[in-house]
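First up is the structure itself, then whatever we jot down about it.
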Amino acid sequence: MPFNIYSKLLSFGEVSDAEPIPGIYAWYLRIRPGNKDTETPEDFLKSIKRRTEELQYPTMSMQARGHFRLNMQGDLKHLWYGHEKNKFPDQLIETLSNSEEREMLSKILEFAVPLLTGPLYIGVSKNLQSRLQQHVKLIQEYHESISQLTAIDSSESFENDKNFAGRIVERKINPNRLVVCISYPPYPQFPSERIRKTIETAETLLNKIFYPILGRR
Numbered sequence: 001m002p003f004n005i006y007s008k009l010l011s012f013g014e015v016s017d018a019e020p021i022p023g024i025y026a027w028y029l030r031i032r033p034g035n036k037d038t039e040t041p042e043d044f045l046k047s048i049k050r051r052t053e054e055l056q057y058p059t060m061s062m063q064a065r066g067h068f069r070l071n072m073q074g075d076l077k078h079l080w081y082g083h084e085k086n087k088f089p090d091q092l093i094e095t096l097s098n099s100e101e102r103e104m105l106s107k108i109l110e111f112a113v114p115l116l117t118g119p120l121y122i123g124v125s126k127n128l129q130s131r132l133q134q135h136v137k138l139i140q141e142y143h144e145s146i147s148q149l150t151a152i153d154s155s156e157s158f159e160n161d162k163n164f165a166g167r168i169v170e171r172k173i174n175p176n177r178l179v180v181c182i183s184y185p186p187y188p189q190f191p192s193e194r195i196r197k198t199i200e201t202a203e204t205l206l207n208k209i210f211y212p213i214l215g216r217r
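62 is the number that this note's numbering gives to position 62 of the sequence shown; each next residue is one higher, with no gaps.
In structure tokens form, the structure reads like this:
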């Protein structure tokens, strides 16, 4: 039997359109330069730099131990693409100098998500509609709403959701640029326990493969 998984791509304001059934989902950040961002090469570079800075990996605490009780610790920070120590290449600068190529690049970036990019966050739920609506509420009212919400799936998943929302707020990411891709397993005859087990396995594999930058700590 061919595997025809049912999937949707929803904007931040459309999460209520998700079906209230088990499934897997992933959040993405659109790379969508505006018209003013493409007017000049300088404007385009600033736009790209804002996006790459938003997508930088979190700072990681590191500790190393050696002989004679040598102990070293500190933080590793991601030198994101476009950082002054990881500058854009000459090829990009050359492409942006041509208005037609600049417009073409803008369209490619706009439609790259999610086909050509890695996700911000991957999760599973027994009720995608409720879980995604909770994501939206956490992001929109992060400081006020946390104490008023209860876990949709588990206490661990709720902590992961709060962590994701906090990072969105911390990075000052405009939630209207977020989109979520959701997939429903095409096996309605399977017991919900088997579906849940399978999508949790898929979630683990995808997290290990793509390392979503705003996933669990």
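A virtual CB, placed ideally from N, CA and C, is assigned to each residue, including glycine.
Taking its Cβ as the centre, do 16 or more other Cβ atoms sit within 10 Å of Arg102, making it buried, or is it exposed?
When all chains shown are included, Arg102 counts as buried.
Tell me which residues share the same chain as Gly177 and place their Cβ nearer than 7 Å to its Cβ, disregarding the 5 neighbours each side in the sequence.
The displayed chain sequence assigns Arg, not Gly, to residue 177. Within the same chain, Cβ atoms closer than 7 Å to the Cβ of Arg177 are found at Leu29, Arg30, Arg32, the five residues on either side in sequence being excluded.
In the structure shown, what three-state DSSP assignment does Ala151 receive?
Secondary structure at Ala151: coil, using DSSP grouped into helix, strand and coil.
Cβ of Glu193 within 8 Å of Cβ of Val124?
Against a cut-off of 8 Å, the Cβ pair of Val124 and Glu193 comes out as no contact.
Along the chain, where does the alpha helix (DSSP H) containing Ile173 start, and where does it finish?
Following the DSSP letters along the chain, one finds Ile173 in no alpha helix (DSSP H), marked with neither H nor E.
When you compare only the Cα positions, how much space is there between Ile152 and His67?
In a straight line, the C-alpha of Ile152 is about 48 Å away from that of His67.
What is the DSSP secondary structure of Ile139, counted as helix, strand or coil?
Shown here, Ile139 sits in a helix according to DSSP, grouped into three states.
Quick check on Asn4: buried or exposed, where buried means 16 or more other Cβ atoms within 10 Å of its Cβ?
Any reading at Asn4 needs caution, since the residue's pLDDT is 49, under 50, leaving its predicted position unreliable; the model's value is listed next. Exposure of Asn4 is indicated by the presence of fewer than 16 other C-beta atoms within 10 angstroms of its C-beta.
Chain-order list of residues whose beta-carbon lies under 8 Å from that of Asp75 (same chain, five-residue window excluded)
Result list for Asp75: Thr59, Met60, Ser61, Met62, in chain order.
Looking at Leu138 and Asp161, is the spacing between their C-beta atoms short of 8 Å?
At the C-beta level, Asp161 and Leu138 come within 8 Å of one another.
Between the segment 84-97 and the segment 38-54, do three or more beta carbon pairs fall short of 8 Å?
With the rule of 3 Cβ pairs closer than 8 Å, the segment 84-97 counts as touching the segment 38-54.
Straight-line Cα distance separating Pro186 from Met1
Unreliable positioning characterises Met1 in this predicted model, as indicated by a pLDDT of 37, which lies under 50. The coordinate reading is nonetheless provided below. CA-CA distance, Met1 to Pro186, rounds to 11 Å.
Return the first residue and the last residue of the beta strand (DSSP E) that Asp75 is part of.
For Asp75, the enclosing beta strand (DSSP E) starts and ends at 71-76.
What does a CB cutoff of less than 7 Å around Thr38 pick up in its chain, not counting 5 residues either side in sequence?
Cβ contact annotation for Thr38 (same chain, cutoff 7 Å, sequence separation greater than five): Phe44, Arg102, Glu103, Ser106, in chain order.
Under three-state DSSP, which class holds Leu230?
Residue 230 cannot be examined here, being either before or after the span of the chain that is shown, 1 to 217.
Could you please give the first and the last residue of the uninterrupted beta strand (DSSP E) stretch that includes Ile31?
Careful: Ile31 lies outside any beta strand (DSSP E) and carries neither H nor E.
My understanding is that Tyr211 touches Leu132, with C-beta atoms under 8 Å, so please give their C-beta distance in whole angstroms.
Not quite, the Cβ-Cβ distance comes to about 22 Å (not below 8 Å), so this is no contact.
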